[in-house]
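Note sheet for the following structure.
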Amino acid sequence: MLHDRTDVTREDNNMAMLIRDYDWATTSLGPISSWPIPLKCAVDLALPSHAQIVIFCGPDFVAIYNDAYSPSIGTKHPAALGRPAKENWAELWEDLEPMLRRVLENGETVTAKDRPFYIERPVPETVYFDISYSPIFDADGKVLAVFCIVKETTDRVGYEVALRRSEERLRSMIEHTMVGVIQTDLQGHLSFVNPGFCQIVGYTREELLTLTLQDITHPQDLPEDMAQVRNVGLEGKSFVIEKRYVRKDGSPIWVSNHVSAVKDTDGSVREAVAVVVDITARRRALEVERRLAAIISSSEDAILGIDLNMMITDWNRGAEKVYGYMAEEVLGKSVTILIPKDRVDEERRIIDRIKAGERVDPHDTVRRHKSGREVHVSLSVSPIYDAYGRIVGASKNARDISVRIEAERTKNVLIAELNHRVKNVLATVTAIARQTFGKATDLELASATFEARLQSLARAHDLLTHGDWQSASLERLIREAVAPYPSDRFKIEGPEISAPPKLVVALSLILHELSTNAAKYGPLSTDTGQVSVAWSVVRTGERKLVLDWVESGGPPVASPTRRGFGSRLIQGLLSAEHGGQVEMIYAPSGFRCHVQASLSAEWAADNN
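Read left to right, the sequence shown gives residues 1 to 608 (the UniProt record's numbering).
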């Protein structure tokens, strides 16, 4: 309680000391000792409070306030203490006085939230307060003073104003953007759509708000889309999906949906918002690009791109076949690696014509293969333009015409070659028949085995026929050999290799025997067994093929007590030919066959 100038509680309180030391005898309140008990109690209540409290006393509203209030009046503190309010609240007095008098003269309580006041502290500004002005009565019921509890809300009001403006700007952007914006619950019911989305799908806003995502999503895209939306509810993670909507007229339209969770105050997700971009034109352009790229990639012609400095920028599979280089070997290198030294000037003349915007019509010329041999090609060249219409390079289309040039020679060789091949085939068939039927006790089984081996031989000859009896793709040979069995049971990997004819025949028969045994006794006799076929090329003085057939997941493996024809065939086919080796390993985890065979030129020469 306040009793006199020396009896003020909480002396650690700054305002308490200021009030204690103030000469109140010079004010209309008089010394503290003369203050009415209700006023002293009010001051005692205000001083330790963390709420902002100011007490305006008597008819001239002498100010008494606590530490929490002092920042609200800025540089006017501490001069405002003990002085009539009109002196230090002059700039807002016309606004403040009527409220204070309602309390002082009528005993009313005045409250307001976020009430604006113009104040100078010292910079003029409009500030906002939550206020509660209530009367302090004396023992006779007369109002002694106005007890003001205030809370400055300027920052919050400013934030809310900024937030409202931001929301208005965002709303305006959403309403006027051509990008679609929608909000939906996790069951697909639409709660908000903007005009941009209406334009994308061709419905009015009113129509869409009666529909669901399921109603307007393409049936083929619906399962994945709704599964993703449900995951948003479970995990709260955003996602992006390209999907199709079905427009009101029934036509599909491709969009990119960027979907994010909308979280409640408790962190739960009940809705999602999506930004929808029409990508139909882009998808069509990509589809055209894919088709063109597929055409170029699969073309037998060598199609390559160069810049104006003659550096190679693009390289298709046809170029790999015609020139022998893989793309990674030539990209970024000068195209002159393909040009014989005596024709380099020809390339420079072509580039000069391209720079002038001319097209070079098809003409016969000579280029150089990776191996060093010359390749006869029919070459045409066209300018490449960038998005601004500037010439930035050239597209070169080369067709290998070596076949045309060599046609006559090939025709003369063909008859002699055919005679030789027929003899070889008959010799192979005779050997297979002798081994199959020589010690056969079951003629029906022997006949079936003989027929299967002849079919394997026929497939090998088919492959060689496609390769002009010069070579055949090893990968294609392997895939043909295991074609009768499910493809998902095989893992086939290795580099592109062209195998010479005798090796093709030998490997075709070997792979037939291995796959037949795997189906009878090995992993292909089970539901889960697997076979790995991997190969590589090693150079130890000569090029050698190394091929491994590895079985897994089949029945337990044990070494056979005797070798059947299949085993003898597998080991004999390569061992008899130029130092080939076959090793069969009967490991408990699965049978393995390790094959080595020469890829040297003698293999091919021996077949001519």
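Even for Gly, the Cβ is constructed at its ideal location relative to N, Cα and C.
What is the DSSP secondary structure of Leu-379, reduced to helix, strand or coil?
-> To locate residue 379, count along the sequence shown from 1; it is residue 379. Strand.
Presumed contact (8 Å Cβ cut-off) between Phe-147 and Ile-131, rounded CB distance = Here residue 147 refers to the residue found at position 147 when the sequence shown is read from its first residue. Here residue 131 refers to the residue found at position 131 when the sequence shown is read from its first residue. Taking the Cβ atoms as the reference, Phe-147 lies roughly 11 Å from Ile-131, outside the contact range of under 8 Å.
Ordered along the chain, which non-local residues of its own chain (more than five positions away) have a Cβ less than 6 Å from that of Ser-191?
-> For this step, residue 191 is matched to residue 191 along the sequence shown. Only residues of its own chain outside the window of five on either side were considered, and among them Gln-183 have a CB closer than 6 Å to the CB of Ser-191, listed in chain order.
For Asp-155 versus Tyr-118, is the C-beta spacing smaller than 9 Å?
-> Indexing the sequence shown from 1 puts residue 155 at position 155. Indexing the sequence shown from 1 puts residue 118 at position 118. In this structure, Tyr-118 does not lie closer than 9 Å to Asp-155 by Cβ.
Euclidean distance between Cα positions of Leu-511 and Val-504 = Within the sequence shown, the letter at position 511 stands for residue 511. Within the sequence shown, the letter at position 504 stands for residue 504. If you take the alpha carbons of Leu-511 and Val-504, they lie about 10 Å apart.
What are the boundary residues of the beta strand (DSSP E) that includes Pro-252?
-> Here residue 252 refers to the residue found at position 252 of the sequence shown. It spans 252-263 - the beta strand (DSSP E) in which Pro-252 sits, taken as one unbroken run.
Taking all protein chains shown into account, decide if Arg-244 is buried (16 or more other Cβ within 10 angstroms of its Cβ) or exposed.
-> In the sequence shown, residue 244 corresponds to position 244, counting from 1. Around the beta carbon of Arg-244, 16 or more other beta carbons lie within 10 angstroms, which makes this residue buried.
Best match in Ser-525, Ala-90 and Thr-153 for proximity to Arg-115 [C-alpha to C-alpha] | Counting from one through the sequence shown, the residue named residue 115 turns up at place 115. With respect to the C-alpha of Arg-115, the residue from Ser-525, Ala-90 and Thr-153 having the closest C-alpha is Thr-153.
Coil, strand or helix - Asn-316 by DSSP = On the sequence shown, position 316 is the one that residue 316 refers to. For Asn-316, the secondary structure class from DSSP, reduced to helix, strand or coil, is coil.
Name the two residues that bound the continuous alpha helix (DSSP H) containing Gln-228.
-> Stepping through the sequence shown from its first residue, residue 228 is reached at position 228. Here the alpha helix (DSSP H) through Gln-228 covers 222-235.
Proximity below 9 Å, CB of Val-181 to CB of Val-273 | Locating residue 181 in the sequence shown gives position 181, counting from the first residue. Locating residue 273 in the sequence shown gives position 273, counting from the first residue. In terms of Cβ geometry, Val-181 and Val-273 form a close pair [threshold 9 Å].
Could you tell me which residues DSSP pairs with Thr-184 in its beta bridges?
-> Along the sequence shown, one-based indexing puts residue 184 at 184. Note: Thr-184 sits in a beta bridge opposite Leu-190 and Ala-272.
Bounding residues of the alpha helix (DSSP H) (the contiguous stretch that carries Pro-38) = Translated into positions along the sequence shown, residue 38 becomes position 38. According to the DSSP assignment, Pro-38 belongs to the alpha helix (DSSP H) that extends over 37-46.
Going by DSSP, what residues sit across from Tyr-586 in a beta bridge?
-> Taking the first residue of the sequence shown as position 1, residue 586 is located at position 586. Its beta-bridge partners are Phe-591.
List the DSSP bridge partners of Cys-148.
-> The sequence position of residue 148 within the sequence shown is 148, counting from 1. Within the DSSP bridge table, the entry for Cys-148 names Val-54 and Tyr-133 as partners.
Given Cys-151 as reference, the closest of Glu-444, Ala-112 and Glu-358 once Cα atoms are compared = Mapped onto the sequence shown, residue 151 falls at position 151. What sits at residue 151 in the sequence shown is Lys, not Cys. Measuring from the Cα of Lys-151, the nearest candidate turns out to be Ala-112.
Based on the DSSP output, what are the partners of Thr-217 in its beta bridges?
-> One-based indexing of the sequence shown puts residue 217 at position 217. Paired residues: Tyr-245.
When the Cβ atoms of the stretch 339-350 are set against those of the stretch 321-328, are three or more pairs found closer than 8 Å?
-> Fewer than three pairs of CB atoms, one per stretch, sit closer than 8 Å, so the stretch 339-350 makes no contact with the stretch 321-328.
Nearest-angstrom Cα distance between Ser-382 and Arg-404?
-> As a first step, residue 382 is located in the sequence shown; it is residue number 382 there, counting from the start. As a first step, residue 404 is located in the sequence shown; it is residue number 404 there, counting from the start. Near 24 Å, if we compare the C-alpha coordinates of Arg-404 and Ser-382.
Out of Ile-253, Ser-268, Ser-298 and Met-311, state which residue places its alpha-carbon closest to the alpha-carbon of Arg-283.
-> Here residue 283 is taken as the residue at index 283 of the sequence shown, counted from 1. Closest in alpha carbon position to Arg-283, among Ile-253, Ser-268, Ser-298 and Met-311, is Ile-253.
Contact belief for Gln-530 with Arg-562 at Cβ below 8 Å, rounded distance in angstroms | Along the sequence shown, read from residue 1 onward, the residue named residue 530 stands at position 530. Along the sequence shown, read from residue 1 onward, the residue named residue 562 stands at position 562. Taking the Cβ atoms as the reference, Gln-530 lies roughly 28 Å from Arg-562, outside the contact range of under 8 Å.
Relative to the alpha-carbon of Ser-473, which residue among Lys-321, Gly-332 and Val-550 has its alpha-carbon at the smallest distance?
-> Taking the first residue of the sequence shown as position 1, residue 473 is located at position 473. Selected option, being the one with the closest Cα: Lys-321.
Identify which residue in Pro-486, Arg-479 and Ala-499 has its Cα closest to the Cα of Ile-492.
-> Here residue 492 refers to the residue found at position 492 when the sequence shown is read from its first residue. In this structure, Arg-479 is the residue among Pro-486, Arg-479 and Ala-499 with its C-alpha nearest to the C-alpha of Ile-492.
Between Val-157 and Tyr-133, which are expected to be in contact by the criterion C-beta below 8 Å, what is the C-beta distance as a whole number of angstroms?
-> For the purposes of this step, residue 157 is taken as the residue at position 157 of the sequence shown. For the purposes of this step, residue 133 is taken as the residue at position 133 of the sequence shown. With a Cβ gap of about 19 Å, Val-157 and Tyr-133 do not count as contacting.
Straight-line CA distance for Gly-202 to Ala-534?
-> For this step, residue 202 is matched to residue 202 along the sequence shown. For this step, residue 534 is matched to residue 534 along the sequence shown. Cα atoms of Gly-202 and Ala-534: separation of roughly 55 Å, rounded to the nearest angstrom.
For Ile-295, which of Arg-317, Cys-41 and His-594 has the nearest alpha-carbon?
-> The sequence position of residue 295 within the sequence shown is 295, counting from 1. Comparing alpha carbon positions, the residue from Arg-317, Cys-41 and His-594 closest to Ile-295 is Arg-317.
Taking 8 Å as the cut-off, does the CB of His-376 come closer than this to any heavy atom belonging to the ligand FMN?
-> Absent from the structure shown: the ligand FMN. Ligands present: none.
Using the beta-carbon count (16 or more within 10 Å), is Ile-415 buried or exposed?
-> For the purposes of this step, residue 415 is taken as the residue at position 415 of the sequence shown. Caution is warranted here: a pLDDT of 45 is assigned to Ile-415, below 50, making its placement in the model unreliable, and the coordinate value is therefore given only provisionally. Looking at its Cβ environment, which holds fewer than 16 other Cβ atoms inside 10 Å, Ile-415 is exposed.
With DSSP as the reference, label His-77 as helix, strand or coil.
-> In the sequence shown, the residue the question calls residue 77 occupies position 77. Three-state DSSP puts His-77 in coil, outside helix and strand.
Which residue from Lys-142, Arg-230, Asp-278 and Arg-169 puts its Cα closest to that of Ala-179?
-> Here residue 179 refers to the residue found at position 179 of the sequence shown. According to the sequence displayed, residue 179 carries Val and not Ala. Selected option, being the one with the closest Cα: Asp-278.
Residue range of the alpha helix (DSSP H) that includes Leu-292 = By one-based count along the sequence shown, residue 292 stands at place 292. For Leu-292, the enclosing alpha helix (DSSP H) has its first and last residue at 280-298.
Answer yes or no: do Val-335 and Leu-304 have a C-beta to C-beta separation smaller than 9 Å?
-> Indexing the sequence shown from 1 puts residue 335 at position 335. Indexing the sequence shown from 1 puts residue 304 at position 304. Yes, the pair counts as a contact, with Cβ atoms nearer than the cut-off.
Beta-bridge pairing of Ile-64 - partner residues as DSSP gives them | Position 64 of the sequence shown, counted from the first residue, corresponds to residue 64. According to DSSP, which records beta bridges pairwise, Ile-64 is partnered with Ile-55.
Give the DSSP-derived three-state secondary structure of Val-403 in the structure shown.
-> Here residue 403 refers to the residue found at position 403 when the sequence shown is read from its first residue. For Val-403, the secondary structure class from DSSP, reduced to helix, strand or coil, is helix.
So what's Pro-122 in DSSP terms, helix, strand or just coil?
-> Numbered from 1 along the sequence shown, position 122 holds the residue referred to as residue 122. Three-state result, Pro-122: coil.
Are the C-beta atoms of Val-240 and some chain C residue less than 9 Å apart?
-> Here chain C cannot be found, since the structure has a single protein chain.
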